[in-house]
Structures are given as structure tokens and as C-alpha cells.
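Here the structure is laid out as C-alpha cells; the discussion comes afterwards.
Below, the structure is given as C-alpha cells:
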């Protein structure tokens, strides 16, 4: 996906994106880094906590394990980050001989799949149908080499 496609995908979801393109370098052994720090994004507690109810049972080697959790006024199962959470990645350089053909820039995107946000990127309390509380970490790319 490119920046516009990623922006469209996450437009109505709680999400964060790096604001600019980072061009991947050329050579061997180097890399570029990209990160999203929730503290610098002013993430709220509501944005960083997800909840779901579920139950499961499985049997292996003659032993049965079961568990269940459910949603009520509070949440029994939560996936949460805090304002110190940093999502980051390093992308290795493109070999010098391939650079002019396959050069590209990247950006990082983090979003809460199926969690609806308002125009201020705050959770509305609504979820898209069929959704689970997942945090998705993805890249958008801007290819500019001659091979694309």
C-alpha cells in the first residue's frame, strides 16, 4: 500500500502514521529506522485499551484446558499499551547495484483494526462488524525506482 491507500484504510479507525517518507538507503549493512511513539502522539487511555469476551477449550496429550472471559460493564480481557509504547522497525539497505531499479521510501502505520474513531482519532465505542481487538503494525511504501 502507498500512503494514500493506508490513509483511506485507516481513516475511520483509531490509528497513527509516520508523517513523512523515509527513503531506504543503498549499500550493504546499513538501515533506516521508523517509529511511532504514543507519548508524542498524545494517545489517550481510551485509545490504547481494547477489550473482547471469548471462551476456548482444547485437549492435548490427554489433558483438557478450558477458559472463558466475557464482557460486562468492565472488560475481562484487555489488550493495552501505554503512553510509553513505541512501535518501531528497521529496514535494511538495498544493494547498490539494485538501488536505481528498486529504490523506495517507507512509512509506518499502526491501527486498531475494526475500532471506529471520530475525526479527532478518539474511539467512538463502536466496532465494525466481525472485528476483534487487534493492533496492526504495517508499512506503506512509496516506490520510486525505475523497475516499478
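Numbering (the working numbering), first residue to last: 242 to 389. Heads up, the beta-carbon is just placed ideally off N, CA and C, and yes, glycines get one too.
message: Measuring only from the beta carbon, is residue 276 closer than 6 Å to any heavy atom that is part of the ligand GTP?
response: Among the components modelled here there is no ligand, and therefore nothing to report on the ligand GTP.
query: Should the region 254-263 be regarded as contacting the region 347-359, the criterion being three or more beta carbon pairs within less than 8 Å?
result: By the Cβ rule, the region 254-263 counts as touching the region 347-359, because three or more pairs are nearer than 8 Å.
- prompt: Around the Cβ of residue 345, are there at least 16 other Cβ atoms within 10 angstroms (buried) or fewer (exposed)?
  reply: Buried.
- prompt: Between residue 271 and residue 334, which are expected to be in contact by the criterion C-beta below 8 Å, what is the C-beta distance as a whole number of angstroms?
  reply: Indeed they touch by this definition, with Cβ atoms about 4 Å apart.
Pick from 363, 377 and 349 that is closest to residue 262, judged by C-alpha positions: By alpha-carbon distance to residue 262, the top candidate from 363, 377 and 349 is 349.
Sequence-distant residues of the same chain with beta carbon closer than 6 Å to residue 264, five excluded per side: The residues are 346.
query: Which residue comes first and which comes last in the beta strand (DSSP E) that contains residue 272?
result: Taken as a continuous stretch (DSSP letters only), the beta strand (DSSP E) holding residue 272 covers 272-278.
query: Should residue 369 go down as buried or exposed, given a rule of 16 or more other Cβ atoms within 10 Å for buried?
result: Under this definition residue 369 is an exposed residue.
message: Mapping the DSSP letters down to three states, classify residue 369 as helix, strand or coil.
response: The answer is coil: DSSP assigns residue 369 none of H, G, I, E or B.
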